[in-house]
Structure formats: structure tokens, C-alpha cells
Amino acid sequence: MEQLVYFDYAATTPVRPEAREALLRALDGFGNPSSRYGFGREAALGVKADRETVAAALGCAPGEVTFTSCGTEGDNWAIRRGAERNRRRGKHIVTTTIEHAAVLETCKDLEREGYEVTYLQPDKAGRITAEQVAAALRPDTALVSMMLVNNETGVVLPVADCVRAVKAFDPAILFHCDAVQGFLKVETPLARLGADLVAVSGHKIGAPKGIGALYVKKGVGLRPLLTGGGQEDGLRSGTEATAQIAAFAAAVQAVSGDKTRLERTAGIKAYTLERLKEAIPELKVISQGDAPHICAVTLPGYKSEVVVRVLGDRGICVSSGSACHRGKPSHVFAAMNLPKPWLDGALRLSFSPDTTRAEADGLAAALKDAADTLFTTLS
Ligand code: PLP
12 MEQLVYFDYA ATTPVRPEAR EALLRALDGF GNPSSRYGFG REAALGVKAD RETVAAALGC
72 APGEVTFTSC GTEGDNWAIR RGAERNRRRG KHIVTTTIEH AAVLETCKDL EREGYEVTYL
132 QPDKAGRITA EQVAAALRPD TALVSMMLVN NETGVVLPVA DCVRAVKAFD PAILFHCDAV
192 QGFLKVETPL ARLGADLVAV SGHKIGAPKG IGALYVKKGV GLRPLLTGGG QEDGLRSGTE
252 ATAQIAAFAA AVQAVSGDKT RLERTAGIKA YTLERLKEAI PELKVISQGD APHICAVTLP
312 GYKSEVVVRV LGDRGICVSS GSACHRGKPS HVFAAMNLPK PWLDGALRLS FSPDTTRAEA
372 DGLAAALKDA ADTLFTTLS
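Going by the numbering used here, the first residue of the sequence shown is number 12, and it counts up by one from there.
Right under this line is the structure:
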């Protein structure tokens, strides 16, 4: 692979060495955790230990953690089964217009099944308040779904305050939090947010793709989405992905053990923004991001897809929004009501604790060059 300069850690992250080692070890011990003989039991013990590791990082009991195939599965499960669990209350759901497609498309699907969904609009900075959530609640509200960290702006939404507002209105309303971009990127262990359901994903923190987890608060009693052999305590059938689970736990342990990672990530993001502003006076910051690893900038008047391609040709990876949009304009930036030229030129930059100043300098130089060249060809 060519040498990459990577500023797209919100899209996915490289697999950490600890995760790779754990993955290979678990592939060798290939037993099925449901098998009753020795190495089946060993596989089951491995999954048990891995669940304890993930639970410790989430700040919950191991019994509250179910492994899933990805964040999308966790979001689907939480929203579909959470809404269904409260159907007797009614068929009203509250969410926001800036959620990931895993939440928005699930809500749209439920609308086709007769649910009514209130989509809360952010302000110009991409923020949603607990007052907005409280004002949207109704006697027939079954579920509220709100992300913790927006994947395009890095804005941290006030989930704990929103949970309090929802539970004050009626403790029976379920609260789901898509924390895929927040897991190990904010200080608070996610179970302490107070939400009933929290979805996380491995590939954002150095585990391979294809593994995630859903926290289901004790007593919530969510029906499974996948039925079958009754694995995961009957909550998620399908033979456990032992190798991915082992890699996920190893990544969680390695990241949790890196105590200065949030500061280092925030530091390199601030440095990069300064360098970019110095090098390219027309560059504007859409969002500095409260979370340490994400920010959004724009080159008003330029086309971000073209800028992304030009940088990509030089081995520099940035994104024009969520990787899941594949070239469509970002619904998040659109919801923030940005002026059209800002919308067209929007770029998301995302960082790891190991992003270097040399990489940031390289990005600033390449983006300045791209802007100069594109300006000449456009004018
Ligand atoms: N939610 C958010 C906020 C995300 O950023 C993503 C992925 O980018 C997802 C959900 C989906 O996670 P996964 O890729 O594990 O399905």
C-alpha cells in the first residue's frame, strides 16, 4: 500500500497491533463457545473475559453487554425493539436530523410501519438542547434516540441532560444513544450517561470491522433482533465472532490504557486547524468539535468532492462528510443551514492520538496547493 497520510479516523481506524495479535490467537483456538468439549469451553471463557473488558470500559456489568456485528446492528436493534417494547404507550419516536444513517434510515423504516417520528433540528453550530427534547415529548412517545458525538462536526450532544429530561417526563420512555463516535473518545464511561441503550463499534477504536456491542441497561428486557441458537444469553443469536470479539476487547484495553490519548488528539487537532488557517486564509472552520478527534472546515466556493480527490491523488485522506454518504451532500451540514458555498466546500478532518505535526504540515501544504490549483482552473 502507498504511504497514506490519514485524516479520516472517524471513518475507520487501522487495526491496532494488540487487536491483530488477539485476533490471530483466537483464530487459532477456533472452538465454538457453545461446544461442550475443552477448546469450545476455552472459547467461551475467552468471550466471557472479553465481555468483562468491554463492560469495564463502558462502566457497566458484563451482563449488560451484548456483542453485535457493528454499530449499525446495535442502532437497528435498539430502535426497532425499543420502540416495539413500548408500543402500548404509542408509536411516537424522537430523534435528531443529524443522526447517522443507521438511526435515520431505521426511523424512516419505522415510519413506513406507522410510527411517527419527530426530527429535532440543530442550531447553526450543530447543537441540540435538552429543552428541545423535552418539548418534543408526548404521552405516546415510546423512544428517544440521540447520538453522543456527531460524526461530521465532532459536536458532543448533551445526552445526560436529555436523558434526565426524558426520564423526568416519564421514566418508561426508552432512551437510546448511538455512541459509535463517542466510545473511548469522551471521559465519561458511557453507561453513566443514564441511557437505557448504547451502541458502540469496534472499527472506530482500532479493532477490525464487523464487531460492535450494545449496552442494554439491566431490567430493560429488550427482545432480540436475531433469533436462532440463543447465543449471547438469548439476546443475539449467531455463533459468536470469537476472533473479532477478542480483537475488540484487546483494542478496548489498549486504548483505555493510553491515558493521554484524548489530550494528544485534541492537541494535534488544534495545531492542524491553526496551520490550515495560516496557510489558506479563505478556509473557514465549520466546527472545531467538542470531541477531540473530529472537526469540520470548508473552502467556500470549492467542490469538496474535487478537493478530496485531488488530496487523495497525493495519498492524503480526508472526507467530504460521513464515509457512508458516498458523494451525496452531508445531511448534517445541510441541517445546520450553512450557506451553499460553505456546504459545497465542506471537509471533515478526523485524528488519532498518533497523528503527527509533520502530517498536519503536509495536509496544510497540500490543501493550499489544491486550493490554488483549483482556483486557477475554475477562474
Ligand atoms: N453511528 C455513527 C455516529 C457512525 O459514525 C457510524 C459509522 O461511521 C455508525 C453509527 C455505524 O457504525 P458501523 O460502521 O459499525 O456500522
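Ideal Cβ positions, reconstructed from N, Cα and C, are used throughout, including at glycine.
All figures in this text were calculated on a predicted structure; none of them were measured in a lab.
Counted within 10 angstroms of its Cβ, other Cβ atoms place Arg320 as buried (16 or more) or exposed: Looking up residue 320 in the sequence shown gives position 309. Looking at its Cβ environment, which holds fewer than 16 other Cβ atoms inside 10 Å, Arg320 is exposed.
C-alpha gap between Phe194 and Leu38, whole angstroms: Reading the sequence shown from its first residue, position 183 is the one you call residue 194. Reading the sequence shown from its first residue, position 27 is the one you call residue 38. The alpha-carbon atoms of Phe194 and Leu38 are separated by roughly 26 Å.
Those runs of the beta strand (DSSP E) which lie wholly inside the stretch 136-189 and span at least 3 residues: 152-158 and 185-189
Classification of Pro303 by the beta-carbon crowding that lies within 10 angstroms, buried from 16 upward: Translated into positions along the sequence shown, residue 303 becomes position 292. It is buried - the Cβ of Pro303 has at least 16 other Cβ atoms within 10 Å.
Contact under 7 Å by Cβ, Gly205 with Ala171: If you number the sequence shown from 1, residue 205 lands on position 194. If you number the sequence shown from 1, residue 171 lands on position 160. Going by C-beta atoms, Gly205 is nearer than 7 Å to Ala171.
Beta-carbon proximity check, Glu29 vs Ala261, cutoff 7 Å: Numbered from 1 along the sequence shown, position 18 holds the residue referred to as residue 29. Numbered from 1 along the sequence shown, position 250 holds the residue referred to as residue 261. In this structure, Ala261 lies closer than 7 Å to Glu29 by Cβ.
Given 8 Å, three or more beta-carbon pairs between the stretch 98-118 and the stretch 242-249: no
Alpha carbon of Cys335 to alpha carbon of Gly49, nearest angstrom: Taking the sequence shown and counting its residues from 1, one reaches residue 335 at position 324. Taking the sequence shown and counting its residues from 1, one reaches residue 49 at position 38. Confidence is the limiting factor: at Cys335 the pLDDT is only 47, short of 50, which leaves the residue's position unreliable, though a coordinate-based value still follows. Rounded to whole angstroms, Cys335 to Gly49 spans 42 Å at the Cα level.
Leu287 vs Gly356 beta-carbon contact at 7 Å: In the sequence shown, counting from the first residue as 1, residue 287 sits at position 276. In the sequence shown, counting from the first residue as 1, residue 356 sits at position 345. Not in contact: Leu287 and Gly356 (Cβ atoms no closer than 7 Å).
Beta-carbon separation (whole angstroms), Asp301 vs Val167, contact threshold 8 Å: The count along the sequence shown starts at 1 and reaches residue 301 at position 290. The count along the sequence shown starts at 1 and reaches residue 167 at position 156. Correct: roughly 4 Å between the Cβ atoms.
Which residues DSSP lists as bridging Gly223, in chain order: Translated into positions along the sequence shown, residue 223 becomes position 212. Beta-bridge pairing links Gly223 to Thr79 and Ser212.
Buried/exposed call for Gln242, threshold 16 Cβ in 10 Å: For the purposes of this step, residue 242 is taken as residue 231 along the sequence shown, with counting starting at 1. Buried.
Residue environment, Gly232, which counts as buried when at least 16 other CB atoms sit within 10 Å: As a position in the sequence shown, residue 232 is number 221, starting the count at 1. With fewer than 16 other Cβ atoms within 10 Å, it is exposed.
Reduced DSSP secondary structure (H/G/I, E/B, other) of Leu15: On the sequence shown, position 4 is the one that residue 15 refers to. Reduced to three states, the DSSP call for Leu15 is coil.
First and last residue of the uninterrupted beta strand (DSSP E) at Cys306: As a first step, residue 306 must be located in the sequence shown, where it is residue number 295. Looking at the DSSP string, the run of the beta strand (DSSP E) that includes Cys306 is Ile305 to Thr309.
Selected residue, minimal CA-CA separation from Ser267, among Arg27, Gln14 and Glu316: Here residue 267 refers to the residue found at position 256 of the sequence shown. Nearest C-alpha to Ser267: Arg27.
Which residues DSSP lists as bridging Thr106, in chain order: As a first step, residue 106 must be located in the sequence shown, where it is residue number 95. DSSP output for Thr106 lists Tyr130 as bridge partner(s).
Spatially closest choice to Gln14 from Asp207, Gly373 and Ala290, by CA coordinates: Within the sequence shown, numbered from 1, the residue matching residue 14 stands at position 3. That would be Gly373, whose Cα lies nearest to the Cα of Gln14.
Chain-ordered residues, beta carbon under 5 Å from a heavy atom of ligand 3: Ligand 3 is absent from the structure shown, which contains only ligand 1.
Proximity winner among Gly326, Asp151, Glu285 and Gly323, relative to Ser308 (alpha-carbon distances): By one-based count along the sequence shown, residue 308 stands at place 297. For clarity, residue 308 is Val in the given sequence; the question names Ser instead. Comparing Cα positions, the closest option is Glu285.
Same chain only: Cβ atoms within 6 Å of Ile305, ignoring 5 sequence neighbours per side: Counting from one through the sequence shown, the residue named residue 305 turns up at place 294. So the list reads Ala21, Gly165 and Ser361, once near-sequence residues are dropped.
8 Å contact criterion, which Leu208 and Leu225 should meet: CB distance rounded: The residue you call residue 208 lines up with position 197 of the sequence shown. The residue you call residue 225 lines up with position 214 of the sequence shown. That belief holds up - the Cβ atoms of Leu208 and Leu225 are roughly 6 Å apart, short of 8 Å.
Pair within 7 Å by beta-carbon distance, Pro364 and Arg275: Here residue 364 is taken as the residue at index 353 of the sequence shown, counted from 1. Here residue 275 is taken as the residue at index 264 of the sequence shown, counted from 1. Yes, the Cβ-Cβ distance between Pro364 and Arg275 is below 7 Å.
Ser315 - DSSP class collapsed to helix/strand/coil: Start at 1 with the first residue of the sequence shown, and residue 315 comes out as number 304. In the structure shown, Ser315 sits in a helix (DSSP, three-state: H, G or I).
Pair within 7 Å by beta-carbon distance, Gly85 and Gly223: Numbered from its first residue, the sequence shown carries residue 85 at position 74. Numbered from its first residue, the sequence shown carries residue 223 at position 212. Contact: yes.
Residues that Arg359 bridges to, as DSSP identifies them: Along the sequence shown, read from residue 1 onward, the residue named residue 359 stands at position 348. For Arg359, which the question treats as bridged, DSSP gives the partners Ala307 and Ser330.
Residue burial classification, Asn161 (beta-carbon count within 10 angstroms, cutoff 16): As a position in the sequence shown, residue 161 is number 150, starting the count at 1. By the neighbour-count rule (16 or more Cβ atoms within 10 Å), Asn161 is buried.
Limits of the alpha helix (DSSP H) - the one that Lys229 falls within: The sequence position of residue 229 within the sequence shown is 218, counting from 1. Neither: Lys229 is in no alpha helix (DSSP H) and is coded neither H nor E.
Cβ shell of Tyr17 (< 7 Å), same chain only, five flanking positions each side left out: Residue 17 sits at position 6 when you count from the first residue of the sequence shown. Excluding positions up to five away in sequence, the list reads Cys328.
Alpha-carbon spacing of Val76 relative to Ala66, whole angstroms: What you label residue 76 is simply residue 65 of the sequence shown in a count that begins at 1. What you label residue 66 is simply residue 55 of the sequence shown in a count that begins at 1. Between Val76 and Ala66, the C-alpha separation is close to 6 Å.
Spatial neighbours of Arg368 in its chain, beta-carbon cut-off 8 Å, leaving aside the 5 residues before and after: Start at 1 with the first residue of the sequence shown, and residue 368 comes out as number 357. Counting only Cβ-Cβ distances below 8 Å, and skipping sequence neighbours, we find Ile279 and Tyr282.
Chain-order list of residues whose beta-carbon lies under 8 Å from that of Thr271 (same chain, five-residue window excluded): As a working mapping, residue 271 is identified with position 260 in the sequence shown. Hits under 8 Å: Pro364.
Cys173 vs Val144 beta-carbon contact at 7 Å: Here residue 173 refers to the residue found at position 162 when the sequence shown is read from its first residue. Here residue 144 refers to the residue found at position 133 when the sequence shown is read from its first residue. Yes, they are a contact pair.
Residue from Ala33, Pro150, Val58 and Ile291 whose Cα sits closest to the Cα of Thr79: Counting from one through the sequence shown, the residue named residue 79 turns up at place 68. Nearest option by C-alpha distance: Val58.
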